[in-house]
Amino acid sequence: MKVSRFSLVIISALVWYIGGTILLIKGGSLIKSAHSLNSQSIWTFTAVFIGLLAGLIKGRYLFSRSCKKNISRIRALTDPRPWQCFRAGFLVFLAIIMPISALMSKTAAGNFTLLLMVGTLDLSIAFALLISSLVFWRLKAFSASGA
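Here our numbering is used: the first residue of the sequence shown is 3, the next is one more, and so on.
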């Protein structure tokens, strides 16, 4: 089944936004759970700040670069297929990291420190994904002529 390069960019952007949104909700929920265990601790607010700051840095310097490379790769495809929205290695990475993330969250349940650590990690990745998604707009990746 063939698709246009434009469609692949849309698919990759949707995966980026959906992943960022899911991790934002999940990370926020973990931080909220930690806060309910110890509402007096300054660490819950510190964890959110660290997640935001780390996400901004990762989004700007790491994820944005990855996003640009992926858009360039998609634009260079001659016979695009739906599964080519990301490199095969990235899809394998996602298939491995998603259950690991779920296991980490389950393991952290009821443990203030682990909830904060996993929540901060999730928030940092969420913010990185959402910040780096600006690349799709800056490169006009959503225009039919740009893909």
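Ideal Cβ placement from N, Cα and C applies to all residues, glycine included.
Report buried or exposed for residue i, applying the criterion of at least 16 other Cβ atoms within 10 angstroms of its Cβ.
{"i": "V94", "result": "exposed"}
{"i": "S126", "result": "buried"}
{"i": "L136", "result": "exposed"}
{"i": "W18", "result": "buried"}
{"i": "A111", "result": "exposed"}
{"i": "L55", "result": "exposed"}
{"i": "S41", "result": "exposed"}
{"i": "T48", "result": "exposed"}
{"i": "L16", "result": "exposed"}
{"i": "L10", "result": "buried"}
{"i": "L178", "result": "Residue 178 lies beyond the residue range present for the chain, which begins at 3 and ends at 149; the question has no answer from this structure."}
Output the distance between the C-alpha atoms of residue i and residue j, rounded to the nearest integer angstrom.
{"i": "G30", "j": "I133", "result": "17 angstroms"}
{"i": "L2", "j": "F138", "result": "In the structure as shown, the chain starts at 3 and stops at 149, and residue 2 therefore has no counterpart that could be examined."}
{"i": "K28", "j": "L39", "result": "17 angstroms"}
{"i": "L105", "j": "G91", "result": "22 angstroms"}
{"i": "F65", "j": "L116", "result": "25 angstroms"}
{"i": "I59", "j": "G53", "result": "10 angstroms"}
{"i": "M119", "j": "I102", "result": "14 angstroms"}
{"i": "A51", "j": "L26", "result": "In the sequence under discussion, the amino acid at residue 51 is Phe, which differs from the Ala named in the question. Spanning the two alpha carbons is a distance of roughly 13 angstroms."}
{"i": "N72", "j": "K34", "result": "34 angstroms"}
{"i": "H37", "j": "G121", "result": "11 angstroms"}
{"i": "S107", "j": "G57", "result": "19 angstroms"}
Which residue's Cα is closest to the Cα of residue i: the options?
{"i": "G22", "options": "F129, K142, L136", "result": "F129"}
{"i": "L131", "options": "W85, R62, A90, R75", "result": "R62"}
{"i": "R89", "options": "S74, I102, P101", "result": "S74"}
{"i": "F8", "options": "K60, L123, T80, T48", "result": "T80"}
{"i": "W45", "options": "F114, L16, R67", "result": "F114"}
{"i": "L141", "options": "W85, C69, S35", "result": "C69"}
Below 8 angstroms on the Cβ atoms is my guess for residue i versus residue j; work out the distance and round it to an integer in Å.
{"i": "A14", "j": "C87", "result": "Checking the sequence shown, residue 14 turns out to be Ser, not Ala. Yes, they are in contact, since the Cβ atoms of S14 and C87 sit about 4 angstroms apart, within 8 angstroms."}
{"i": "R77", "j": "M3", "result": "Actually they are not in contact, since the Cβ atoms of R77 and M3 sit about 20 angstroms apart, beyond 8 angstroms."}
Answer with yes or no whether the minimum CB distance from residue i to chain B is below 8 angstroms.
{"i": "T46", "result": "Included in the structure is just one protein chain, with no chain B present."}
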